[in-house]
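What follows is a set of notes on a single structure, which appears directly below.
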Amino acid sequence: MKARKTPLRTCIGCGTGSDKKSLIRIVRTPEGDVTVDPTGKANGRGAYICASTDCFDAALRRKRLDSALRVRLNEEELDRLRREFDSAISALSQGR
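Residue 96 in my numbering is what sits at position 18 of the sequence shown, and the numbering runs on without skipping anything.
So, in C-alpha cells, the structure goes:
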C-alpha cells in the first residue's frame, strides 16, 4: 500500500518547511477577525508559524503576518493574538 503524503507548510517567521500538524495556523476569517486556528480547518486566509515565540516575533517584526493575511493589525489585536498563540503553544506541547 502506498504511503500517504503529509502536507508541508512554510513558517512565515523563519521560513522552514514542516508538516502541517507541527505548525500553528493563524487565520483571518471572512468577517475580518484574526485568530489562532487550533483545528487547522477554519474558513479564511491562513498563515503558519512554528510553535516558537521567536518565530512569532520574527513574523511580526518583518510584517510577514500582515502581508500573509492581507490585514493591518493594531497593538490591541497583536496582544490578544500573542496570548492566543502562547496558549496554542502550550496545547501543542501537551499533545492537544
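Beta carbons are placed, not taken as given, at the ideal position from N, Cα and C, and that holds for glycine.
Straight-line spacing of the CA atoms in residue 127 and residue 145 works out to 14 Å.
Judged by DSSP secondary structure, residue 87 falls within the beta strand (DSSP E) whose first and last residues are 86-88. Assignment of beta-bridge partners to residue 91 by DSSP yields no partner. Two segments are said to touch when three or more pairs of C-beta atoms, one from each, lie closer than 8 Å; by this definition the stretch 81-90 does not touch the stretch 106-113. According to the DSSP assignment, residue 101 belongs to the beta strand (DSSP E) that extends over 101-106.
DSSP places residue 130 outside both helix and strand once states are collapsed to three, so it counts as coil.
Rounded to whole angstroms, the gap between the alpha carbons of residue 83 and residue 122 is 24 Å. Within the stretch 117-174, the complete beta strand (DSSP E) segments at least 3 residues long are 123-128, listed from N- to C-terminus.
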